[in-house]
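Taking numbering that gives the first Met the number 0, the leading residue of the sequence shown gets 0, the next gets one more, and so forth. For every residue, glycine included, the Cβ atom is placed at its ideal position computed from N, Cα and C. Predicted, not measured: the structure shown is a model, and the values here were computed from it.
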Amino acid sequence: MRTPRIYLDTSVFGGCFDVEFAEESLAIFELIRSGSYCAVLSDIVLEELEDAPQRVRDVVLTLPEDSLEFIAITEEIIQLRNEYEVAGILGPKWIDDMTHVAAATIARVDAIVSWNFKHIVRLDKMKSYNQVNLQNGYGILTIISPKEAIINGND
């Protein structure tokens, strides 16, 4: 069976050090370390992590190389991101958030995992992103928070 690929945006890394989000964020990284998930990271995640506190940047270093997949921001990703903006999903100030969604879509991940409830993990935004995806010949992107990505052995 293929290992599910999940795109992590930067909020999941920072969530490890936030009282409200630490438990689930840490659990996601443990699942990645155990081989339950492959973490997909884009150039934009790596750029955002450069501006994060050292302890947040260090989370990536705790992950085995074979559990990581890196994707470059391509012209195709930029074009899809621009389609999101034209559709009015978010304004230009939030271009990085749209880039995360476009990168996850183009990479055909199993899900994008984020704590960004304002611009990504929100029903109306999910519907809008996926409407644009379908109009442009891409599939439906599953958008979830780390809570929904936790795998329980008792399920």
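Here the alpha carbons of M0 and D96 stand approximately 31 Å from one another. Here the alpha carbons of V112 and T61 stand approximately 18 Å from one another.
Using a 10 angstroms sphere on the CB of L140, the tally of other CB atoms reaches 16 or more, which defines it as buried. Closest by C-alpha distance to L30, out of V108, G90, I5 and H118, is I5. I149 and Y36 have their C-alpha atoms some 10 Å from each other.
Between the segment 119 to 131 and the segment 16 to 34 there are fewer than three inter-stretch CB-CB distances shorter than 8 Å, so the stretches are not counted as touching. In terms of Cα proximity to I43, the closest of I70, E84 and V108 is I70. Within the model, the alpha-carbon separation for G34 versus P63 is close to 9 Å. Sequence-distant partners of I76 (beyond 5 residues in either direction) whose C-beta falls short of 6 Å from its own C-beta, in its chain, are A101, A102 and I105. In this structure, the CA atom of C15 is about 15 Å from the CA atom of A38.
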